[in-house]
Amino acid sequence: MSSIFTILILTFLQFFTGSGVLSLCGIRLKPGLFLPLAILLGIAVFSIIPFLLQLFFIPLTAANIFISLLLTSAALNCRFRRSIQQIKFLFRNAHFGFKLYHIPFLIVISFIVFISAWRCYYFPPTPRDLTSGPEVIAEYTVKEKNMINSVFTVNLETTNNQFKPPFITSLQIIYKYAGFPFGQIWLSAVFISFLIFLYHALLLRIHSLVAGLLIIFFVAIPEMYAYSFMVLFDYSNAVFFFLSIYFLFDYLKTREKNKIVLAGILMAIATYIRSETLIFAGLVMFFLLWDGMKKKIRLPNLFMSCALFLLPSGLLYLLSIKIYIDFYLPAFYNIESQLNPHLFDFNLLFKRFKDMNSKLLFSHYGIQLYAYFIFIFLLIFILDKIWSRSNKQSKNWLYALLLVYFGYPLIGHLLPLLDIDNSTKRGLFKIFPFMLLYMASSSVLIKLSNRIKKWEGKMPAPQFNGE
Amino acid sequence: MKMKKQLILFVFNILLITVFFILPQNRKWLNEKVFVYLKEFKKQKEDLDLEHRKIERWRTDYIYSKAISDSLKKKSIKAASLVLLPPTNYFKHYGVDFHVPEPAVFYYYTGVRTIWANSGKAANATWRVGVKNGKIAIDTVVNSKDLQDSITLFKKMGVSL
Chain A
303 MSSIFTILIL TFLQFFTGSG VLSLCGIRLK PGLFLPLAIL LGIAVFSIIP
353 FLLQLFFIPL TAANIFISLL LTSAALNCRF RRSIQQIKFL FRNAHFGFKL
403 YHIPFLIVIS FIVFISAWRC YYFPPTPRDL TSGPEVIAEY TVKEKNMINS
453 VFTVNLETTN NQFKPPFITS LQIIYKYAGF PFGQIWLSAV FISFLIFLYH
503 ALLLRIHSLV AGLLIIFFVA IPEMYAYSFM VLFDYSNAVF FFLSIYFLFD
553 YLKTREKNKI VLAGILMAIA TYIRSETLIF AGLVMFFLLW DGMKKKIRLP
603 NLFMSCALFL LPSGLLYLLS IKIYIDFYLP AFYNIESQLN PHLFDFNLLF
653 KRFKDMNSKL LFSHYGIQLY AYFIFIFLLI FILDKIWSRS NKQSKNWLYA
703 LLLVYFGYPL IGHLLPLLDI DNSTKRGLFK IFPFMLLYMA SSSVLIKLSN
753 RIKKWEGKMP APQFNGE
Chain B
3 MKMKKQLILF VFNILLITVF FILPQNRKWL NEKVFVYLKE FKKQKEDLDL
53 EHRKIERWRT DYIYSKAISD SLKKKSIKAA SLVLLPPTNY FKHYGVDFHV
103 PEPAVFYYYT GVRTIWANSG KAANATWRVG VKNGKIAIDT VVNSKDLQDS
153 ITLFKKMGVS L
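Which chain is which? The protein sequence lines are A and B, in order.
Counting the first sequence from 1 gives a position; the working numbering is that position plus 302.
Counting the second sequence from 1 gives a position; the working numbering is that position plus 2.
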């Protein structure tokens, strides 16, 4: 019982912290999008605090950490009146619109989510990448009040996980101090918040019945579901990468500066979780440039957008990788040695692309990993091409998923240590939310949704973009 | 009329969800993962002891690691001691089901510093783990030749994660 109470307090504090960030960015969203996004941003801010304390050599005691979290939360809500207004607006506009036909969807999702959350709480961390790096460091941080602790006196020749960015380590420390010996439960908060966000993002375009079904298809991706309770970097990375692209597309539509600021912050968090995301951020910037040139945006404005998008990622990368590893950790890590020495020999690039398709995506093993989600997407994609003209929104999501599809072989070519069987397999989690949003933006499902709405006696919803 | 339409959509929704979970891979996933996990939950909620949860998850990796660490504690070793661990294949050869955790994971499980034979620093070990009469045994390193023989033997058996 006390565990549930602690989770509620932490989640509320995360929500309050995240809503402060959104308020500072001047982002107004529908309640169904605002609430989960605020929690996710709160978790992201939490994950930076113990790391920052470490950078300033402040002992990582429970008191220091929780006081810092409270102060940060208060500081981010410096526009207190605006934050409170936003929260009031949120509750005033929250209407659930519950229908009888939502029950089957709600039961199935609640059941699957409950099992995930329970396993997350009950079992200790399992993946070797975690227990040989972030988790063991977090465990001894709690004992020794320092992230640079006795773990670094152990023989670490078999692993490089001690050099991973401190996203997981920091959250594990907070949750261990909060009374969860295995930490981890923050992942359930990420998982649930992300599902709520996705569902409401789908609702902006399609009928709740179709949206609910799509969410079930998404949750039932076996490999991705497994990582909703086994802590590793990839699930959270996929979440923040998706959110960044979501707000980037929103920016491209509205050209409101606060959207690109938020997209940049979210991409920085994704980079903080997995450092190679910086390469994706660079690739996304080309898209930003191309779109800007197509729309004849003035060059200074275009460069400003690129800087707002890319700079936070670059800064956080510099802090969590270059500065932290080179100047704080008592061990040497040569990142440059991870780079492919034969960059212009493209055989590896083509092999990676071929292997990704033949081993992971379109194979019996691929079905075991991702079930039928890719094929459902392909079916909708083909139907969309046959029956309807694709719209601008669906095209954007298509670009995003192609970025991941072609981006991973490229990253595998640049950094051969990121293999197919582990890194690419889990890295492909990033592609599925884009497939989901593509389907929700496809003319086929929009038409179907409008027909259901008409038959129900409701006017088809106007297409707007989240505000 | 509105209620009737909602009821139709309700039935339609159940039908679609059922069809989705009848597909072979989805059915397999639901049965082998979600429903099995539900059965486990019913047992797990009765036993929240932390050690039990660790054993249930990490199995023999943890049980043997703890046994080694407990044995070392009984021998009241110094905190700075370094223990040479044989590779997994060595234990397999003697019929012991122990996937040897790498030093960082062993430290996480037990707080004991270990080293593998393929490390250049293996010669610094002060204790050595082996199998005697079918049981795991921990010996102090008597002399450097003895230790070097163990390192050579362990290396021959193939050290891997």
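Glycine included, each C-beta is placed from N, C-alpha and C at the ideal position.
Taking the Cα positions, S530 of chain A is about 43 Å away from T154 of chain B.
In the DSSP assignment, V133 of chain B falls within the unbroken beta strand (DSSP E) covering W129 to K134. In its chain, beyond the 5 residues on either side, F317, G320, S321 and L324 have a beta carbon closer than 7 Å to the beta carbon of A340 of chain A.
It is roughly 30 Å from the alpha-carbon of P467 of chain A to the alpha-carbon of N698 of chain A. About 28 Å separates the beta carbons of L685 of chain A and K727 of chain A, which is beyond the 8 Å limit, so they are not a contact pair. Residue environment analysis places H502 of chain A among the buried positions, since at least 16 neighbouring C-beta atoms fall within 10 angstroms of its C-beta. Only E104, P105, A106, V107, Y109, Y110, R115 and I117 from the stretch 92-117 of chain B bring a Cβ to less than 7 Å from some Cβ of chain A. When 7 Å is used as the limit between beta carbons, F465 of chain A is near no residue of chain B, the shortest such separation being about 12 Å.
Within chain A, F416, I417, W420, R421 and Y424 have C-beta atoms less than 9 Å from the C-beta of F43 of chain B, given in sequence order.
Bounds of the beta strand (DSSP E) holding A139 of chain B are K137 to T142. One Cα belongs to F393 of chain A, the other to I405 of chain A, and the distance between them is close to 23 Å.
Taking a Cβ-Cβ threshold of 7 Å, the residues of chain B close to P483 of chain A are L52, in chain order. Among the bridge pairs identified by DSSP, I117 of chain B is matched with B:L86.
Three or more beta-carbon pairs drawn from the stretch 714-730 of chain A and the stretch 634-651 of chain A are found closer than 8 Å, and the two stretches are therefore classed as touching. Just so you know, the alpha carbons of A106 of chain B and I117 of chain B end up roughly 9 Å apart. Taking each of A:S696, A:L335 and A:I389 in turn and checking the Cα distance to F551 of chain A, the smallest one comes out for A:S696. I16 of chain B reaches chain A at P406, counting residues in chain order whose Cβ is nearer than 7 Å. A609 of chain A and G132 of chain B have their alpha carbons spaced roughly 59 Å apart. Per DSSP, reduced to three states, the secondary structure at Y635 of chain A is coil, with no helix or strand assignment. Separation of A440 of chain A and A364 of chain A (C-alpha to C-alpha, rounded to the nearest whole angstrom) is 13 Å.
Taking 8 Å as the threshold, the shortest C-beta distance from P524 of chain A to chain B falls below it. Chain A has no Cβ within less than 8 Å of the Cβ of Y66 of chain B.
Within chain A, N457 and E459 have C-beta atoms less than 8 Å from the C-beta of S121 of chain B, given in sequence order. Within chain A, no C-beta atom comes nearer than 8 Å to that of R61 of chain B; the closest sits roughly 11 Å away. In this structure, the beta-carbon distance from I627 of chain A to Y635 of chain A falls below 8 Å. At least one beta carbon of chain A lies nearer than 8 Å to the beta carbon of R55 of chain B. Taking a Cβ-Cβ threshold of 8 Å, the residues of chain A close to I19 of chain B are P406, F407, V410, L515 and I518, in chain order.
Listed along chain A are W757, E758 and G759, each with a C-beta nearer than 8 Å to that of K7 of chain B.
Here the alpha carbons of E437 of chain A and F543 of chain A stand approximately 23 Å from one another. T455 of chain A has its alpha-carbon roughly 19 Å from the corresponding atom of V102 of chain B. Taking the beta carbon of S434 of chain A as reference, the chain B residues within 7 Å of it are E104, A106 and V107, listed in sequence order. The Cβ atoms of F519 of chain A and F664 of chain A lie no closer than 8 Å to each other. Taken in chain order, the complete alpha helix (DSSP H) segments of 4 residues or longer contained in the stretch 636-677 of chain A are 649-657 and 666-672. Counting C-beta atoms within 10 angstroms of its own C-beta, Q150 of chain B has fewer than 16 neighbours from the protein chains shown and is therefore classed as exposed. At a Cβ-Cβ threshold of 8 Å, C380 of chain A and S490 of chain A do not count as neighbours.
Contact between L86 of chain B and R130 of chain B holds, with the beta-carbon distance rounding to 5 Å and staying under 8 Å.
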